[in-house]
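Peer 1: I am attaching a structure below and will ask some questions about it afterwards.
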Amino acid sequence: MFTCSFFTHAQWLEKKGNGYFKLSAWSLEAGQHYTNSGKIDPNATRGIFNLNLYGKYGLSDNWNVIAYIPFYVKSYQNNQVSQITNETLLKGEEFNSFGDMDLGVEYRLFKKSKYAFSTTLTLGIPSGNSKGGSDGSHQTGDGEFNQIIRFNAGASFFLFKHSFYAKSYLGFNNKTENFSDEVRAGIETGTSFFGSKLFLLLRSNMVNSLRNGSLNASNSSGSIFANNVEFISIGGEVAWKFTKKIGFSFAYNSAISGKVIYAAPSYSAGVFYLLK
Amino acid sequence: MLFVVCILPLFSCVKTDLVNDRVDPKIFISNPLLTLENGKSHLFEINYFNYVGKEIENPNVSWSSNDSAVLTITEEGVATGVNLGMATVTATLTTPEENLTITNSNLVTVSMSTVEDPVRFEGTIASTSSYLLEGSYILEVQDNDVLRLSLGDDYEASTSLPGLYVYLGNNPNSIADAYEIGPVTVFQGAHFYNLPSTISIYDYSYILYWCKPFGVKVGEGQIQ
């Protein structure tokens, strides 16, 4: 029941020698989830938290390398305490470890005037723990190696004499270990104020399962990681540059529909550095 | 700001969920009779489950017979057949926590022999969530004295549920004192679970299906 990590950096490709690096904290806590039929059911309150490093660096004007490294991931569940007797019915638990990394490259396919097209290949490295905690349910990774290919398109435009940008992507996630493959898509729009010191952006992402994987509870061989996760999410981000190179950002994201995913918003806050 | 990011883990930590796990307290005569041989005695035993479904040993139960000319019963629950006929034995308890009076009765025929009541429970399991879970069940002691929980041909459960376990319990809102039968490995069709000899057919009131890793009930069947 993980929400997926999406690269949240809202910029075009970095020029050669330039980079964008961010240290972030990401948190989600949920007492309910979307079931496999899309309805919402309660669950014991569970949370996931991570500290991560994100970086995008321009090897050249056309090639960028990207890394997402969740170096500290915590999965936890609340104590279940009787409202009647105050007795602890089920002791809470937390599990910490390194998480699944994403490593990728982005290549500029085409850029002209205010339009840009690129493609991204991301490798999902199963560096996390897929069976953490006393019963194996506290997972900091899904235990499978996946590859995501994306096509990105972006444009800048003016609205009411103010400059905006819009980006979209369409991707295919090839998953292993009997997980179903996925189609992913997203859109994003944003703008800046006060001489590009303040950035505001809105985004929506979608994951749709192709349901071609056989992993389910009857053949999971002990794995409890959910297959066929789907969702549509909306969110936004605010970023403020203190100096020309350093700033902070705050983001909010929430699934407005889904299957086998937590029904609760996620929050993240981070400090970024612009290498120029 | 960097400091703020680094101390955020302190706020994502194990806290407490309050669970309303109150259930109606119950007592059960755990060795009921169909018939009692005239002139012989039988010690009735009681299982008492309190307002959170916890079994309380040695409850303060009072016994009565509605026809002492047929069957008498002592304060300790020893019933003796006095004359041929029928009488109802009743166990009564006042719960200490809520001062509720609860009872359980057994209609006994005093006759030529003693025959224990061959208890068999059957019913249906139904989903208590949005996940598919349904089917009929039978809980009974087999000829070889093994207590068996059997699920019928009409049983079906969603395979999308991670970590689905089946329990026997006395509190439908908690598995704290429940007996874990084990992980669910059959998701469609008839199957059974043989239970250990330490479990009596009267020990539990519910069959519970629980998504164990995420602490949520998915379905239940009421036994008694």
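As given, the protein sequences belong to chains R and X, one line each in that order.
Going by this note's numbering, the first residue of the first sequence is number 1, and it counts up by one from there.
Going by this note's numbering, the first residue of the second sequence is number 1001, and it counts up by one from there.
All residues carry an ideal CB built from backbone N, CA and C; glycine is no exception.
(1) Measure from the C-beta of Leu89(R) to each C-beta in chain X and report whether the shortest distance is under 8 Å.
(2) At 9 Å on the CB atoms, spell out the chain X contacts of Asp142(R), in chain order.
(3) Can you give me the Cβ contacts of Thr1016(X) inside the same chain, cut-off strictly under 6 Å, excluding the 5 residues immediately before and after it?
(4) When the Cα atoms are used, what is the spatial distance from Glu177(R) to Glu230(R)?
(5) Just to confirm my understanding: we take Lys276(R), look at its own chain, exclude 5 residues before and 5 after, and list those with CB closer than 7 Å. What are they?
(6) Look at the alpha carbon of Ile224(R) and the alpha carbon of Gly1081(X), and state the distance between them as a whole number of angstroms.
(7) In the DSSP assignment, the beta strand (DSSP E) including Thr35(R) goes from what residue to what residue?
(8) Report, in whole angstroms, the separation of the C-beta atoms of Gly1169(X) and Tyr1206(X), which I expect to be a contact under 8 Å.
(9) So what does DSSP say about Phe110(R), is it helix, strand or coil?
(10) Is the Cβ-Cβ distance between Leu103(R) and Ile149(R) less than 8 Å?
(11) Residues in the same chain with beta-carbon distance under 6 Å from Gly1053(X), minus the five sequence neighbours each way, listed in chain order, please.
(12) So, under 8 Å CB-CB, Phe272(R) and Ser249(R) are touching, yes? Tell me the CB distance rounded to an integer number of Å.
(13) In this structure, does DSSP put Phe117(R) in helix, strand or coil?
(14) Interface residues of chain X around Glu29(R) at Cβ under 8 Å?
(15) What are the partner residues of Ser1065(X), as DSSP defines its beta bridges?
(16) Between Leu1018(X) and chain R, is there a C-beta pair that is closer than 8 Å?
(17) Could you have a look at Lys1212(X) and say whether DSSP puts it in helix, strand or coil?
(18) Against chain X, with Cβ distances strictly below 8 Å, would Phe49(R) count as a contact?
(19) State the Cα-Cα distance for the pair Arg1120(X) and Pro1183(X), rounded to the nearest angstrom.
(20) Could you tell me whether any Cβ in chain R is nearer than 8 Å to the Cβ of Tyr1179(X)?
(21) Starting from the beta carbon of Asp61(R), find every residue of chain X whose beta carbon is closer than 9 Å, and list them in chain order.
(22) Does the structure place the segment 1042 to 1051 of chain X close enough to the segment 1122 to 1137 of chain X that three or more beta carbon pairs sit under 8 Å?
(23) Counting along the chain, where does the beta strand (DSSP E) carrying Gly1135(X) start and finish?
(24) Evaluate Asn52(R) with the Cβ neighbour count: other Cβ atoms within 10 Å of its Cβ, from every protein chain shown; 16 or more gives buried, anything less gives exposed.
(25) Contact check, Ser254(R) vs Ile234(R) under 8 Å by CB: the rounded distance?
(26) Rounded to whole angstroms, how far is the Cβ of Gly186(R) from the Cβ of Tyr165(R), which I believe are closer than 8 Å?
(27) Indicate the three-state DSSP secondary structure (helix, strand or coil) for Met1112(X) in the structure shown.
(28) Using C-beta distances below 6 Å, list every residue in its chain close to Glu1097(X), excluding the 5 sequence neighbours before and after it, in chain order.
Peer 2: The relevant details are as follows:
(1) On the first sequence, residue 89(R) is found 89 positions in, with the first residue counted as 1. Interface residue, yes.
(2) Reading the first sequence from its first residue, position 142 is the one you call residue 142(R). Those within 9 Å of Asp142(R) in chain X number zero; the least Cβ separation is about 12 Å.
(3) By one-based count along the second sequence, residue 1016(X) stands at place 16. Nothing meets the Cβ criterion.
(4) Along the first sequence, read from residue 1 onward, the residue named residue 177(R) stands at position 177. Along the first sequence, read from residue 1 onward, the residue named residue 230(R) stands at position 230. Spanning the two alpha carbons is a distance of roughly 18 Å.
(5) For the purposes of this step, residue 276(R) is taken as residue 276 along the first sequence, with counting starting at 1. Hits under 7 Å: Asn18 and Lys245.
(6) For the purposes of this step, residue 224(R) is identified with residue 224 of the first sequence, where counting begins at 1. For the purposes of this step, residue 1081(X) is identified with residue 81 of the second sequence, where counting begins at 1. Low per-residue confidence applies at Ile224(R): pLDDT is 40, beneath 50, and the placement is therefore not dependable, though the value from the model is reported in the following sentence. If I take the Cα positions, the gap works out to 57 Å.
(7) Along the first sequence, read from residue 1 onward, the residue named residue 35(R) stands at position 35. Where Thr35(R) is concerned, there is no enclosing beta strand (DSSP E), given that its DSSP letter is neither H nor E.
(8) Taking the first residue of the second sequence as 1, we reach residue 1169(X) at position 169. Taking the first residue of the second sequence as 1, we reach residue 1206(X) at position 206. Indeed they touch by this definition, with Cβ atoms about 5 Å apart.
(9) Start at 1 with the first residue of the first sequence, and residue 110(R) comes out as number 110. If DSSP states are grouped into helix, strand and coil, Phe110(R) belongs with the strands.
(10) Sequence index remark: in the first sequence, residue 103(R) carries index 103 (1-based). Sequence index remark: in the first sequence, residue 149(R) carries index 149 (1-based). Contact: no.
(11) Counted from its first residue, the second sequence places residue 1053(X) at position 53. Excluding positions up to five away in sequence, the list reads Val1023, Asn1170 and Asn1171.
(12) Taking the first sequence and counting its residues from 1, the one referred to as residue 272(R) is at position 272. Taking the first sequence and counting its residues from 1, the one referred to as residue 249(R) is at position 249. That pair is a contact at about 6 Å.
(13) Indexing the first sequence from 1 puts residue 117(R) at position 117. Strand, per DSSP.
(14) Along the first sequence, one-based indexing puts residue 29(R) at 29. Neighbours of Glu29(R) in chain X, taken as residues whose beta carbon is under 8 Å from its own, are Ser1012 in chain order.
(15) Mapped onto the second sequence, residue 1065(X) falls at position 65. DSSP lists Val1089(X) as partners of Ser1065(X).
(16) Taking the second sequence and counting its residues from 1, one reaches residue 1018(X) at position 18. Interface residue, yes.
(17) As a first step, residue 1212(X) is located in the second sequence; it is residue number 212 there, counting from the start. Helix.
(18) As a first step, residue 49(R) is located in the first sequence; it is residue number 49 there, counting from the start. Yes, because at least one Cβ of chain X sits closer than 8 Å to the Cβ of Phe49(R).
(19) As a working mapping, residue 1120(X) is identified with position 120 in the second sequence. As a working mapping, residue 1183(X) is identified with position 183 in the second sequence. Their backbone Cα atoms lie some 24 Å apart in a straight line.
(20) Position 179 of the second sequence, counting from 1, holds the residue named residue 1179(X). Taking Cβ atoms only, chain R never reaches closer than 8 Å to Tyr1179(X), which makes this a no.
(21) As a position in the first sequence, residue 61(R) is number 61, starting the count at 1. Going along chain X, no residue has its Cβ under 9 Å from Asp61(R), so there is no contact; the nearest lies around 31 Å.
(22) no
(23) Position 135 of the second sequence holds residue 1135(X). Here the beta strand (DSSP E) through Gly1135(X) covers Leu1133 to Val1141.
(24) Here residue 52(R) corresponds to residue number 52 of the first sequence, with the count starting at 1. When all chains shown are included, Asn52(R) counts as buried.
(25) Working through the first sequence from its first residue, we reach residue 254(R) at position 254. Working through the first sequence from its first residue, we reach residue 234(R) at position 234. That pair is a contact at about 6 Å.
(26) For the purposes of this step, residue 186(R) is identified with residue 186 of the first sequence, where counting begins at 1. For the purposes of this step, residue 165(R) is identified with residue 165 of the first sequence, where counting begins at 1. With a Cβ gap of about 14 Å, Gly186(R) and Tyr165(R) do not count as contacting.
(27) Indexing the second sequence from 1 puts residue 1112(X) at position 112. In this structure, Met1112(X) counts as coil in the three-state DSSP scheme.
(28) In the second sequence, the residue the question calls residue 1097(X) occupies position 97. Counting only Cβ-Cβ distances below 6 Å, and skipping sequence neighbours, we find Tyr1051.
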